[in-house]
Amino acid sequence: MQYTPDRIKQLITLLPWTPGERLRVLWVRLSEEGRQAFAAQLGCVQADEAIVPVILREPLFTSANALLSDVNRLIDGNRGAIEQLPAQGLQRISLVVLSKDDFRLPQIGSPIVLPMWFPVLGGIESSFRICDLAHQSEVSMLNCPEVRAENLAELVLDLESALVERLSALQAARPDELTKFIKTACGVVGTNGEVAALLSDFQAHISAASANPRFYRPDGTRMTSLATRLIRLVLNNSPKELAKHCDVLAVCLGDSGAISIRPSLISAMLRPGSRLEIPQANMHSVLLCLYQAYQLMNGSAHAGEFGTYPVSLLYSTSSDLRRCLQDAARFVRALPGSHHS
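Residues are numbered in my numbering as their position in the sequence shown, beginning at 1, plus a constant of 1032.
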């Protein structure tokens, strides 16, 4: 996850102080070089609160028992910068540790006495929390650029495009399988003319959406969208029933099981109790990643209807989903008999 100094300030502002808390140590992992310049832009004083960045250069924070004493060593090593803070009026400090590594230790150290010169709680025995900022800060999906909603939109449209291309190939080579797919996915039972008209709607929908792929979002009601139809299939069926539909859809698409999609974590959590064969599991992954993307994009567009979550969780969820969407689109285009295989 990549941060900017302004984004870190936003996350710190969103993190509430606990009653009576005056000092907190927030861990930020920066994977790239340039921590000195980053720190220079991050440090600030607003009213009676200060954000104080410190760069971790020594091999500290390797033992949970020495956690708080390591904080003291870090404070002593940055005394010059800390003493530049206002001498009076400062009530709370967020000490931001800029590290190249993740924070993996539990906080079990004993209370410590902060240096006499420290602006808050100086010379007083104190305990304070040490936490990973990305794990601790909770935001709404609307206020979380780490979700990468626009990239999700592009990937959903690409997967839907791949599926419509596959259905177009079935129309020419195996029209009966196309009819069965449409019947299962859309609940349409009619003549080939009705199936062809629906496929034509899917194609026109993709063509129109391709003009602005970064703003694409299946809305759950647009029945000219194949993605919408498949999302409704997920919504309207139990995991056990959905698995049966996946079996039929996989056969219609001509999946031989030669390629296996690694499902997103959410897809894996929603699998039925019985084991899925590879083609069935692949189709399950396709449907569930479309559904998951639909809900995540809903959360970004209608944040008031959803709760808040740790930034790291939203980022990891989105990253895993985007990987699955890409894998699913490649899988569909690699199916035997497709234009891309």
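Backbone N, C-alpha and C fix where the C-beta goes; we use that ideal spot for every residue, glycine too.
Need the endpoints of the beta strand (DSSP E) that residue i sits in, please.
{"i": "Val1280", "result": "That residue, Val1280, is in no beta strand (DSSP E); its alpha helix (DSSP H) goes Pro1271 to Leu1285."}
{"i": "Leu1058", "result": "Leu1055 to Arg1061"}
{"i": "Gln1078", "result": "Cys1076 to Gln1078"}
On the DSSP letters alone, give me the boundaries of the alpha helix (DSSP H) that residue i sits inside.
{"i": "Ser1131", "result": "It is not in any alpha helix (DSSP H) - Ser1131 instead sits in the beta strand (DSSP E) that spans Arg1124 to Ser1131."}
{"i": "Pro1311", "result": "Ile1310 to Ala1333"}
{"i": "Val1196", "result": "Ala1181 to Ala1205"}
{"i": "Asp1164", "result": "Run containing Asp1164: none in the alpha helix (DSSP H); it sits in the beta strand (DSSP E), Ile1162 to Asp1164."}
{"i": "Arg1261", "result": "Leu1258 to Leu1267"}
{"i": "Ala1082", "result": "Note, Ala1082: premise wrong, no alpha helix (DSSP H); beta strand (DSSP E) at Glu1081 to Ile1087."}
{"i": "Gln1358", "result": "Val1343 to Arg1365"}
{"i": "Gln1042", "result": "Pro1037 to Leu1046"}
{"i": "Asp1108", "result": "Leu1099 to Gly1109"}
Measuring straight from C-alpha to C-alpha, what distance separates residue i and residue j?
{"i": "Pro1368", "j": "Met1315", "result": "15 Å"}
{"i": "Glu1090", "j": "Leu1146", "result": "19 Å"}
{"i": "Arg1264", "j": "Ala1366", "result": "25 Å"}
{"i": "Pro1085", "j": "Pro1143", "result": "22 Å"}
{"i": "Asp1190", "j": "Ala1361", "result": "7 Å"}
{"i": "Lys1212", "j": "Gly1219", "result": "10 Å"}
{"i": "Ala1079", "j": "Trp1049", "result": "15 Å"}
{"i": "Ala1096", "j": "Pro1138", "result": "6 Å"}
{"i": "Ala1239", "j": "Ser1193", "result": "Note that residue 1239 is Ser in the sequence shown here, rather than Ala. One C-alpha to the other measures close to 9 Å."}
{"i": "Glu1186", "j": "Thr1349", "result": "17 Å"}
{"i": "Leu1308", "j": "His1277", "result": "12 Å"}
{"i": "Phe1070", "j": "Val1077", "result": "16 Å"}
{"i": "Thr1216", "j": "Lys1272", "result": "15 Å"}
{"i": "Thr1036", "j": "Ser1131", "result": "14 Å"}
{"i": "Arg1061", "j": "His1167", "result": "11 Å"}
{"i": "Gln1116", "j": "Ala1072", "result": "13 Å"}
Are there 16 or more other CB atoms within 10 angstroms of the CB of residue i, so buried, or fewer, so exposed?
{"i": "Phe1247", "result": "exposed"}
{"i": "Gly1339", "result": "exposed"}
{"i": "Pro1311", "result": "buried"}
{"i": "Ala1243", "result": "exposed"}
{"i": "Ile1087", "result": "buried"}
{"i": "Ala1181", "result": "buried"}
Since residue i contacts residue j with CB under 8 Å, what's their CB separation in whole angstroms?
{"i": "Leu1210", "j": "Val1227", "result": "6 Å"}
{"i": "Ile1107", "j": "Lys1041", "result": "Contact doesn't hold; Cβ gap of about 21 Å is too wide."}
{"i": "Leu1047", "j": "Ser1169", "result": "5 Å"}
{"i": "Leu1153", "j": "Leu1058", "result": "The pair is not a contact, with the Cβ atoms about 17 Å apart (cut-off 8 Å)."}
{"i": "Leu1122", "j": "Leu1055", "result": "Contact doesn't hold; Cβ gap of about 11 Å is too wide."}
Do residue i and the ligand GDP come close, with the Cβ less than 6 Å from some heavy atom?
{"i": "Ser1292", "result": "Absent from the structure shown: the ligand GDP. Ligands present: none."}
Segment contact, 8 Å Cβ cut-off, at least three pairs: the stretch 1280-1296 with the stretch 1318-1325:
Segments in contact, yes.
Should the stretch 1230-1247 be regarded as contacting the stretch 1160-1175, the criterion being three or more beta carbon pairs within less than 8 Å?
no
Say whether the stretch 1270-1285 touches the stretch 1249-1258, bearing in mind that this needs 3 or more beta-carbon pairs closer than 8 Å, one atom from each stretch.
no
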